[in-house]
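Quick note, the sequences are listed as chains U and X, same order. Mapping to numbering that gives the first Met the number 0: the first sequence position 43 is 42, numbers consecutive. Mapping to numbering that gives the first Met the number 0: the second sequence position 3 is 2, numbers consecutive. A virtual CB, placed ideally from N, CA and C, is assigned to each residue, including glycine.
Number of protein chains: 2
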Amino acid sequence: MTEAGSPALRTALAYFRAWTSHDLDRAMSYIDDDIVCHAPAGVLKGADAYRGFMAPFVQILTGSELLAAFGDDTTAVIVYDTRTVPVPSAPAAECVTVVNGKITGSRFIFDRLPFDTARKTQG
Amino acid sequence: MTEAGSPALRTALAYFRAWTSHDLDRAMSYIDDDIVCHAPAGVLKGADAYRGFMAPFVQILTGSELLAAFGDDTTAVIVYDTRTVPVPSAPAAECVTVVNGKITGSRFIFDRLPFDTARKTQG
Chain U
0 MTEAGSPALR TALAYFRAWT SHDLDRAMSY IDDDIVCHAP AGVLKGADAY RGFMAPFVQI
60 LTGSELLAAF GDDTTAVIVY DTRTVPVPSA PAAECVTVVN GKITGSRFIF DRLPFDTARK
120 TQG
Chain X
0 MTEAGSPALR TALAYFRAWT SHDLDRAMSY IDDDIVCHAP AGVLKGADAY RGFMAPFVQI
60 LTGSELLAAF GDDTTAVIVY DTRTVPVPSA PAAECVTVVN GKITGSRFIF DRLPFDTARK
120 TQG
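Written out as structure tokens, the structure reads:
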């Protein structure tokens, strides 16, 4: 979990620390304009689409815990748990590709089912 | 993604290759009797519960692709996509703790929603 040797992990962790601190502007400074993100609901293309995906989640975020983080020159993986308003424990994993300090590709994995259930329960 | 230096990653990849080859018996040889696994539906305790969780998934598995794999002495993370009978693309991440060549702890992350939707559509 050392980040000193991995350029990709340094970027991934800086991005993670920013959005989990509710600083979406700072988080987006690590996102490439042409990011391609494979999210559970489909493929997001471009920074605007990515911000539109992250913004509602950052709004309901009440806490986070980093569970594991690894990387090499171009790829990093972070695994974490989050606390959110509708779902008390929502773990996720992000596998990112980093080029020149910017995240150009991302595979975002989390379980949508509890969020879907919470939304339906709320009506 | 080199596994030579990481004992935990060697075990995680051997386990992954076994179950993605439909060899659940071999996969279970890497699972500690007292494994604690945080899966989307809740906490699974013990190898029997873990096997009961994996067996139905291995049955519907038609293909897999490893996307990233990292590890150190005791922790490994693997990220992969799977093809399954009901869901054509079901990516997942596993963050595992390895002690003496056995997986003693696991955080298993995937999206249950498409499986839930497929089940409801099937009736």
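Q | Distance, K44/U Cα to F15/U Cα | A | 20 angstroms
Q: Indicate the three-state DSSP secondary structure (helix, strand or coil) for T19/U in the structure shown.
A: helix
**Q.** Same chain, Cβ closer than 6 angstroms to T19/X, neighbours up to 5 away in sequence not counted
**A.** S63
Q) Cβ of M0/U less than 8 angstroms from any chain X Cβ? A) In this prediction, M0/U has a pLDDT of 49, which is less than 50 and means its spatial position is unreliable; nothing more can be read from the coordinates.
Q. So what's G62/U in DSSP terms, helix, strand or just coil?
A. strand
Q.
With a threshold of 8 angstroms between beta-carbons, can R50/X be considered close to chain U, or not?
A. no
Q.
I want to see whether chain X comes within less than 8 angstroms of R9/U, judged by CB atoms only; does it?
A. no
**Q.** Backbone CA spacing between C94/X and D47/U [nearest angstrom]
**A.** 30 angstroms
Q. CB-CB under 6 angstroms to S5/U, same chain, minus the five flanking residues each way: which ones, in chain order?
A. G70 and D71
Q | Three-state secondary structure (DSSP) of R25/X | A | helix
Q.
For K119/X, which residues in the same chain have their Cβ closer than 7 angstroms to its Cβ, ignoring the five residues on either side in sequence?
A. none
Q: Measure from the C-beta of A13/X to each C-beta in chain U and report whether the shortest distance is under 8 angstroms.
A: no
Q. Q91/X versus chain U: which residues are under 9 angstroms apart at the beta carbon?
A. Looking at the sequence itself, residue 91/X is Ala, so the reference to Gln does not match. Within 9 angstroms Cβ-Cβ: A92 and I108.
Q) Would you call D31/U buried or exposed, if buried means 16 or more other Cβ atoms sit within 10 Å of its Cβ? A) buried
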